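Take a look at the structure below.
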Amino acid sequence: MVKRIWACAAALSFLTTGAGAELTLPELPSLAAVQEILAQKADEIGHVWMFIRPGSGGGSYSIEDSFLRVRLDARGRGDGEFAFSGWVDDEWFDLDSRRIFAGRKDYSLNGFGANLDLRQWGNFGKDYLLTGNIRLPDHRDFRVNVTFHYDDFRKAYDVSGDGLGVRLDAFSGWQMNGSVNLTRFPRTALAAVGAAATLVINDTRPEREPKGGAKGKQ
34 MVKRIWACAA
44 ALSFLTTGAG
54 AELTLPELPS
64 LAAVQEILAQ
74 KADEIGHVWM
84 FIRPGSGGGS
94 YSIEDSFLRV
104 RLDARGRGDG
114 EFAFSGWVDD
124 EWFDLDSRRI
134 FAGRKDYSLN
144 GFGANLDLRQ
154 WGNFGKDYLL
164 TGNIRLPDHR
174 DFRVNVTFHY
184 DDFRKAYDVS
194 GDGLGVRLDA
204 FSGWQMNGSV
214 NLTRFPRTAL
224 AAVGAAATLV
234 INDTRPEREP
244 KGGAKGKQ
């Protein structure tokens, strides 16, 4: 072992002094700098674990992701329409859903700075597309373009967008599980996806179950 260390030292001495050669070692970042970089990456890439739970009677839902700080309540108004309100991080959030055409599972979702549409498309009407704009807390408009693709084999939806990749299923109660790049897909947009997922869930639940807000319109 001593011979190996001496040999390495001799080789290093030759490289730094022999034949005019110089060996420049790269400067390593400090521990504080590394920790800051890791913290930034952890804040950019988040794990989505959003639960969507129906209330008693099926006329309401709660939408919650504790880690990403999304908490919404959905109150049914009848005909599958809901009013969503709650908190995203420390910012108030609200969306109002309206059915675009009677008898179809297409909705508009509007709120302060939000103008979104959720429409059925493809796959025999099993898939959905969420598009539109939503205002972020820093007053920027963010373009939302998210697909809900139904997987017949797994009986679940693959929900995807730029920076978003989650699965919506009922493995242990309805939940969205996956990852999100918060730099490319911010929390406010994720909350809107949670609201849209609630509409999809409510419209695709078995007919034997009470559907959200059904009591209001018979």
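In the working numbering, each number is its position in the sequence shown, counted from 1, plus 33.
All residues carry an ideal CB built from backbone N, CA and C; glycine is no exception.
In this text, all values refer to a predicted model and were calculated from it rather than measured experimentally.
CA nearest to the CA of residue i, picked from the options
| i | options | result |
| --- | --- | --- |
| Trp-154 | Gly-211, Ser-130 and Asp-139 | Asp-139 |
| Asn-19 | Thr-231, Gly-194 and Gly-206 | The requested residue 19 does not occur in the structure, where the chain is confined to residues 34 to 251. |
| Gly-158 | Tyr-190, Asp-123, Ser-93 and Arg-104 | Tyr-190 |
| Asp-127 | Arg-238, Val-233, Ala-229 and Ile-234 | Ala-229 |
| His-182 | Arg-173, Gly-206 and Val-233 | Val-233 |
| Arg-173 | Arg-104, Met-83 and Thr-221 | Thr-221 |
| Asn-156 | Asn-178, Asp-112, Ile-167 and Asp-184 | Asp-184 |
| Val-83 | Gly-198, Trp-120, Asp-202 and Asn-210 | Note that residue 83 corresponds to Met in the displayed sequence, not to Val. When each option's Cα is compared against that of Met-83, the closest is Asn-210. |
| Ser-118 | Ser-89, Leu-142 and Gly-90 | Leu-142 |
Alpha-carbon to alpha-carbon, residue j and residue i
| i | j | result |
| --- | --- | --- |
| Asp-236 | Ile-78 | 31 Å |
| Pro-170 | Glu-124 | 7 Å |
| Ala-72 | Gly-227 | Low confidence applies to Ala-72: its pLDDT is 46, below 50, so where it sits in the model is not reliable, and the reading given next is rough at best. About 26 Å. |
| Phe-204 | Ser-99 | 19 Å |
| Glu-114 | Arg-176 | 23 Å |
| Thr-164 | Leu-149 | 6 Å |
| Gly-109 | Gly-196 | 30 Å |
| Val-103 | Ile-85 | 11 Å |
| Val-81 | Ala-224 | 11 Å |
| Thr-231 | Thr-216 | 24 Å |
| Asp-106 | Phe-186 | 31 Å |
Residues sharing a beta bridge with residue i, DSSP
| i | result |
| --- | --- |
| Asn-156 | Its beta-bridge partners do not exist; DSSP assigns none. |
| Arg-132 | Tyr-140 |
| Val-252 | Because the chain in this structure spans residues 34 to 251, residue 252 falls outside the shown range and cannot be described. |
| Arg-86 | Ser-95 |
DSSP-derived helix/strand/coil call for residue i
| i | result |
| --- | --- |
| Ala-40 | With a pLDDT of 48 at Ala-40, under the threshold of 50, the modelled position of this residue cannot be trusted, and the question is left open. |
| Arg-200 | strand |
| Ser-118 | strand |
| Ser-93 | strand |
| Gly-79 | strand |
| Val-213 | strand |
| Arg-104 | strand |
| Leu-71 | Residue confidence for Leu-71 is low, a pLDDT of 45 falling below 50, so the modelled location carries little weight and cannot support an answer. |
| Val-233 | helix |
Heavy atom of the ligand FAD within 8 Å of residue i beta-carbon
| i | result |
| --- | --- |
| Glu-77 | Although the ligand FAD was asked about, the structure shown includes no ligands whatsoever. |
Check whether the stretch 176 to 191 touches the stretch 93 to 100, counting contact only when three or more Cβ pairs, one atom from each stretch, lie closer than 8 Å.
The stretch 176 to 191 is not in contact with the stretch 93 to 100.
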